[in-house]
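Asks:
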Amino acid sequence: MAEHNYDYELILVNDGSRDHSWRIMQELAAIDQHLVAIDLAGNYGQTLSLRAGFAQAKGEVIIAMDGDLQHDPAYIPQFMSLINEGYDMVGGAKAKRPEGPIATALATTAHGIIRRLSGVQLRYFGATYKAFRSYLVKNVEMLGDAHRFLGALVARKGLRYCEFPIEIHERQFGQSNYKI
């Protein structure tokens with residue numbers, strides 16, 4: 001981040017992890033002024049984790065990404081470049097899915113249905129890896145799995161949005177709770 005001269009903060013949200021994640025987050029935040037660690041009281045899920053991070057964020061641009069190393073931070077300059085071109089939201093869309101053919105077919109069908117019902121022409125709705133102008137998400141009320149539709153909600157407001165293809169890495173640690 002420093003090589004691009006970004007003024008940034010990195011917000012880490014511990015969503016009830018039972019391993020040593022919270023201790024490690026605290027140790028890292030103690031030695032790096034750019035890090036902010038948030039510990040949720042229990043496992044509340046991705047939507048509430050995102051809300052907690054959005055509420056804490058101070059910047060004009062918020063980039064949300066998963067903490068399981070499936071999202072490559074190397075894409076951040078691309079996100080920022082597109083935001084600087086005037087987009088209000090930029091989404092990372094999976095170039096290819098690491099899942100098998102059945103999960104890929106189900107997800108492709110689901111995204112097609114959501115496109116048709118919402119009228120929003122996003123290629124990929126479910127990805128967390130997105131950049132937003134902070135005023136769009138700062139006080140957004142999301143419950144359940146609403147984070148999956150955050151991109152569609154922003155796009156429906158008539159704001160400028162785009163997507164670009166990103167590679168999603170295989171999960172190296174832990175186990176996902178998502179089925180598709």
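The sequence shown begins at 1 in full-length UniProt numbering and counts up one residue at a time. Built from N, CA and C at the ideal position, the CB exists for glycine as well. These numbers were taken from a predicted model, which means no experiment stands behind them.
1. According to the Cβ coordinates, are residue 151 and residue 89 closer than 8 angstroms?
2. Taking the alpha-carbon positions, what's the residue 101 to residue 31 distance?
3. Taking the alpha-carbon of residue 8 as reference, which of 35, 15 and 166 has the nearest alpha-carbon?
4. From what residue to what residue does the alpha helix (DSSP H) around residue 48 run?
5. Can you tell me whether DSSP reads residue 65 as helix, strand or coil?
6. Ordered along the chain, which non-local residues of its own chain (more than five positions away) have a Cβ less than 8 angstroms from that of residue 178?
7. So for residue 137, helix, strand or coil by DSSP?
8. Is there contact here, the stretch 153-170 with the stretch 47-56, by at least three beta-carbon pairs under 8 angstroms?
9. Just how far apart, CA to CA, sit residue 4 and residue 76?
10. Only counting the same chain, and skipping five residues up and downstream in sequence, which positions put a Cβ closer than 8 angstroms to that of residue 29?
11. I'd like to check one pair, residue 161 with residue 91: are the Cβ atoms closer than 8 angstroms?
12. In the DSSP assignment, what are the bridge partners of residue 8?
13. Going by C-alpha to C-alpha distance, which of 6, 10 and 40 sits closest to residue 18?
14. Where does residue 166 fall in DSSP's three states?
15. Tell me whether residue 14 sits in a helix, a strand or coil according to DSSP, three-state version.
16. With 16 other CB atoms within 10 Å as the buried threshold, where does residue 138 fall?
17. Since residue 82 is in the alpha helix (DSSP H), which residue starts that stretch and which ends it?
18. Take residue 118 and list the residues in its own chain whose beta-carbon comes closer than 6 angstroms to its own, dropping the five residues that flank it on each side.
Replies: Quick look at the numbers:
1. yes
2. 44 angstroms
3. 35
4. 46-56
5. coil
6. Since pLDDT at residue 178 reaches only 49, below the 50 mark, its modelled position is unreliable, and no value is offered.
7. In this structure, residue 137 counts as helix in the three-state DSSP scheme.
8. Because the criterion of three Cβ pairs below 8 angstroms is not met, the stretch 153-170 and the stretch 47-56 do not touch.
9. 10 angstroms
10. By the criterion of a C-beta distance shorter than 8 angstroms, residue 29 is surrounded in its chain by 12, 35, 36 and 37, once the five residues flanking it on both sides are discounted.
11. Yes, Cβ-Cβ distance for residue 91 and residue 161 is below 8 angstroms.
12. In the DSSP output, where bridge partners are listed per residue, residue 8 has none listed.
13. 40
14. Assigned with DSSP and collapsed to three states, residue 166 falls in strand.
15. strand
16. Around the Cβ of residue 138, a 10 Å sphere holds fewer than 16 other Cβ atoms; the residue is exposed.
17. 76-84
18. 152
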